[in-house]
Amino acid sequence: MSSGLQYKDVEIPAELAGLINHMADVEGYREELHNLGNQWDLLTILGQMSGTGTDMTGTRRGFLRLTSELLSQLGLETLKKTVQEVAGKAQVAVDIVIRNLFERTADIGFLATDDDIREFLRVEAGLEAQLAGLDPVSDQARELEALREGHVERIAARFQEYVAKYSVYFNIILMDTGGRVVAQLDRANDVRVSHDPLVAESLVTAGEYVEAFRQSDLLAGQGDSLIYAYRVTESNSADSAPLGVLCLCFRFQNEMDGVFRNLGSEGDWSVMTLLDKTGRVIASSDGHHIPLGAVLDFDVEAKFKVTRFAGRQYLAKTCATKGYQGYYGPGWYGHVMIPLEHAFNQSGSDGLHQRVNQAILEAVMNDPRLFSEKLRSIPLQAEHIQRELERTVWNGNVRESDAQSKVLLWNISDAGARTKMVFEQSIGNLHETVVSGILNDVEFQAALAVDIMDRNLYERANDCRWWALTSAFRKILSQPEISTLDAETIGSILAYINGLYTVYTNLFVYDARGTILAVSDPSQARIVGTTLSDDLCQRTLSLEGSQDYAVSPFESTRLYDGRPTYIYGAAITDIARPDRVVGGIGIVFDSEPQFREMLLDSLPRGEKGDVLEGCFGVFTDRRGRVVSCTSPRFAVGDAFSVDDAILRLPNGKGTSKIIEFDGSYYAVGARVGAGYREYKVNDGYVNDVIAMVFVPLAEVSERVRTVVRRREIGMGVSHKRASGVDCIELATFYIGDKWLGINAVHVDEAVNSEGLTTIPGSPDYVIGKFVYNDELITVIDIRTQLRLAPVRFDPNAPIVVVRADSAHIGIVVDALGEIPEICMDRVDKANSMLDSSKGYVDCIIKPELHSEQKELLVVIDPTRLVKALIINGAAKANGNGHENGHGNSNGKGSGNGNGQAAGGVNGRGIKR
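Counting from 1 along the sequence shown, just add 252 to a position and that's the residue number in the numbering used here.
Structure below.
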């Protein structure tokens, strides 16, 4: 454990200072272990007073050390889970906005080249020059003003068409080079002239856009506004003279409300914010809690930060954007804060057992990839200490004759068992919480993936509809005949557009007969002159309004080199008669790399930013057909085998579960797309896509779990001798699911397997030999005699040393039981039921009258057990006198001279 500090009665890492006291679950376990510690102290004192000779000091110290380690690891894992949750929200909050703003930088650059806007500015400049020399109240001036107003109405209508498609904007403002507002969409916005520096910057910048987030006289009284601006020039030439400045006003707060709404959940105490470079809050998921304009303390390099705001302490995490295609935005940060008193509320594991099969859950929780080695070692260490404690107590009971001392010894054992149980429960609860957290995360990541897709394809629907309104296209296609020069003009415009919008492999325009006139990609020139016969062309030519669009099914097409993709289409209408369709535009989305990148951006990543090993994402349709997958195991178009319940999820709904997939258990999260703004919401387009994220948790193991019984705390076996009644004392133990016993007079003690050596060629039931009190004895496994399946020898298993006639043997057991004194009226000798010459059962112990314990205790005679093993071994060896040369009957080596040591059992019979 790293250097730490003292917290109450335990040592914790310094990283948890000021935090662990807010972790209710961890504090609850600390209090419970503290109370158990007090019991340990009392039992230790009583043990010293009773003279049992059982020193609990070392065991007590071992549990105390484990207590500190347990609470430290629980605290660190709890902190890690919370930090990962808030960091995920902070990262997504800033990255998804940056993705959106990247599209805006392309919008302003392209719209500034719009021919209608250029023509409007030329006309406006001419009208302004004419009006400058006229009396404002003259008839000529009034005529020019009316003409100007008509021009303004027409350009405003074009702005309205644009915003109807790109609904992320609420206003478009057009100025001349002096900052005079000549047209805008929002006529209620009372601005005549702007002195905002962005006007001058737009006219001279060498960049492709100007981005400003602040108060502006362009939007007076509206607070901080996000504006994209660029100059409008005479042509697309780099040295072309400016005509004016165009501004797009982004619906920033509206957009952030949607982002925060998608990231939040019911009962979520975290507050999500965006910060500017100075730490000023520019967007908040809860303006009453963390208001706009507040300046927050942040550290983008820190894993997390404990900060104070408005008299309250928070755990905070700040993330810089990862950027998108080289664009990093205005330098904003995602910043999430959660009050410390709610930061570590462990929720989400409720109902986990209903969602996940218990066997799968156990396999996942025992896999090393989810938890640190230290945390996973704690139950093993506690198990080892408890085993040693039980062995010490068991041996003490074998030697001890005083009934009160026996009770004290078992109370000591029970205290150890209760302590171990707290360890197991606490780590088990943490396991469930972490697994639930992973399930929540994969569903969150799947939701992010499909949200990114919907946002991206929203832009595609906008692009095709807006480009269909290009005046040059409409004029050319409205002509009775289209010349080669006209087609080249269309091609050059398409190439210019495609150069700005690289998510398309090709753009093409066709006439009312479906004949392709021009393409943006010269390598696709071979399709020019061919006629489209697919359903998309017919549906596009049948569209009735400028807000309508058509999309192909996701299927293979020659327009995408025989691969599946979406092609978006919009009708081109007559420039003079907008109700007459004269052609259409098709845009071929480059789905293969684009969808893959969307999925990759949604997958969980490690500290170095790499996708976690084995994780993959997939988009499918409702039939389970792959649209995209980051794993090479599944190609586009493959059938993806997944639970039908996932494929039937309603739009906007998700789920998560653990499934067996490809030889491993995976956490899978799924979400069906719900659209973005009007796209797929109320625009008539239906095409459900399901995003799934897979995270490997554990390998599927075919190993059958062995049932091992343990002594239950307070199982109710009587230790008290009934007055005047003959009794026998039994040393009990468990092998598999069997409860067995041996008369205590035959038992020396239980030992560990230290020094045990396997002997080549031994019978199957011989585990090996080891030295016990200067004596070489044989250790045997009697599972086959008990009709139990063989298992691999556990070196931590206790070995019960017993006397078989005059020989010592060791019997491997799974766990040690009670040492009860049994009244003879409960003893049923086995002679009436078994052939005593062949059997090894000494007697059967019946349960006490009216006892809840109904199980019979089988008592073994060790001498007869050895004989039974020898007889069975001889039978298996087809009558040979001994097996594989182990043991003999000549009294040499390990024999005792009378043949009873055959089969490897020595006959020295020395009791310690």
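Note that the Cβ used here is the ideal one computed from N, Cα and C, for glycine as well.
Residue i to residue j span [Cα, whole Å]
{"i": "G516", "j": "A698", "result": "15 Å"}
{"i": "N352", "j": "S854", "result": "15 Å"}
{"i": "K341", "j": "K626", "result": "29 Å"}
{"i": "Q291", "j": "I297", "result": "10 Å"}
{"i": "I1112", "j": "F913", "result": "47 Å"}
{"i": "G927", "j": "R707", "result": "8 Å"}
{"i": "G889", "j": "T817", "result": "10 Å"}
{"i": "G314", "j": "I690", "result": "33 Å"}
{"i": "V863", "j": "E711", "result": "27 Å"}
{"i": "D438", "j": "H587", "result": "33 Å"}
{"i": "W718", "j": "I911", "result": "45 Å"}
{"i": "V448", "j": "P845", "result": "According to the sequence provided, residue 448 is Asp. The question's Val does not apply to it. Whole-angstrom Cα-Cα distance: 40 Å."}
{"i": "I965", "j": "L288", "result": "Since pLDDT at I965 reaches only 40, below the 50 mark, its modelled position is unreliable, and no value is offered."}
{"i": "G1007", "j": "Q336", "result": "47 Å"}
{"i": "I819", "j": "A546", "result": "46 Å"}
{"i": "R829", "j": "A458", "result": "40 Å"}
{"i": "A1067", "j": "H594", "result": "43 Å"}
{"i": "S880", "j": "F847", "result": "6 Å"}
{"i": "A345", "j": "V834", "result": "43 Å"}
{"i": "R312", "j": "L294", "result": "11 Å"}
{"i": "T530", "j": "P856", "result": "29 Å"}
{"i": "E635", "j": "K333", "result": "27 Å"}
{"i": "R1044", "j": "F892", "result": "39 Å"}
{"i": "I942", "j": "R874", "result": "7 Å"}
Under 8 Å between C-beta atoms of residue i and residue j
{"i": "L363", "j": "L379", "result": "no"}
{"i": "Y756", "j": "F841", "result": "yes"}
{"i": "I1097", "j": "R1078", "result": "yes"}
{"i": "E486", "j": "L495", "result": "yes"}
{"i": "L759", "j": "L746", "result": "yes"}
{"i": "M275", "j": "T330", "result": "yes"}
{"i": "I369", "j": "Y482", "result": "no"}
{"i": "I350", "j": "G575", "result": "yes"}
{"i": "I1061", "j": "I1032", "result": "yes"}
{"i": "K569", "j": "A339", "result": "yes"}
Paired residues, beta bridge with residue i - DSSP
{"i": "P1072", "result": "Answer is none; P1072 lacks a bridge partner."}
{"i": "W991", "result": "Y986"}
{"i": "V870", "result": "C881, M944"}
{"i": "T485", "result": "P494"}
{"i": "Y259", "result": "V262"}
{"i": "F372", "result": "DSSP output for F372 lists no bridge partner at all."}
{"i": "A809", "result": "The residue asked about is misnamed: residue 809 is Thr in this sequence, not Ala. Note: T809 sits in a beta bridge opposite R815."}
{"i": "G906", "result": "R923"}
{"i": "A568", "result": "K557, M589"}
{"i": "E912", "result": "Y917"}
{"i": "D1080", "result": "I1096"}
{"i": "Q436", "result": "I425"}
Own chain residues within Cβ distance below 8 Å of residue i, not counting five before or after
{"i": "Y937", "result": "A713, Y801, V803, Y931"}
{"i": "I679", "result": "L322, L326, L627, I630, P631"}
{"i": "I542", "result": "V523, T525, V533, S536, L548, F561, M589"}
{"i": "H286", "result": "K260, D261"}
{"i": "L373", "result": "L426, D428, V434, V484, L495, G496"}
Other residues of its chain near residue i: CB distance less than 7 Å, five sequence neighbours each side excluded
{"i": "T741", "result": "A724, I728"}
{"i": "A416", "result": "Q799"}
{"i": "S883", "result": "F868"}
{"i": "D520", "result": "none"}
{"i": "T792", "result": "A802, G821, A822, A823, G836"}
Spatial neighbours of residue i in its chain, beta-carbon cut-off 6 Å, leaving aside the 5 residues before and after
{"i": "S990", "result": "Contrary to the premise, residue 990 reads as Lys rather than Ser in this sequence. Only L1038 meet the Cβ criterion."}
{"i": "R973", "result": "Low per-residue confidence applies at R973: pLDDT is 47, beneath 50, and the placement is therefore not dependable, though the value from the model is reported in the following sentence. Only C979, E1073 meet the Cβ criterion."}
{"i": "G1137", "result": "Confidence is the limiting factor: at G1137 the pLDDT is only 38, short of 50, which leaves the residue's position unreliable and the question unanswerable from this model."}
{"i": "Q638", "result": "G668, K672"}
{"i": "P948", "result": "G866, S916, Y918"}
(request) Would you check if there are 3 or more beta carbon pairs closer than 8 Å linking the segment 494-502 to the segment 414-421? (result) Yes, the segment 494-502 is in contact with the segment 414-421.
(request) Take every Cβ of the segment 659-669, pair it with every Cβ of the segment 1008-1023, and state whether three or more of those distances are shorter than 8 Å. (result) Output reads no: the segment 1008-1023 does not touch the segment 659-669.
(request) Determine, using beta-carbon pairs with one atom in the segment 639-657 and one in the segment 1000-1013, whether at least three such pairs fall under 8 Å. (result) Judged by Cβ distances under 8 Å, the segment 639-657 makes contact with the segment 1000-1013, as three or more pairs qualify.
(message) Check whether the segment 254-264 and the segment 575-584 are in contact - that is, three or more C-beta pairs closer than 8 Å.
(response) No, because fewer than three Cβ pairs between the segment 254-264 and the segment 575-584 fall closer than 8 Å, the two stretches do not touch.
(message) Does the segment 343-357 come into contact with the segment 372-391, if we say contact requires no fewer than three beta-carbon pairs (one atom in each stretch) closer than 8 Å?
(response) Three or more Cβ pairs closer than 8 Å define a contact, and the segment 343-357 falls short of that threshold against the segment 372-391.
(request) Could you say if the segment 405-412 and the segment 426-441 meet the contact criterion of at least three C-beta pairs nearer than 8 Å? (result) The segment 405-412 makes contact with the segment 426-441; the number of CB pairs closer than 8 Å reaches 3 or more.
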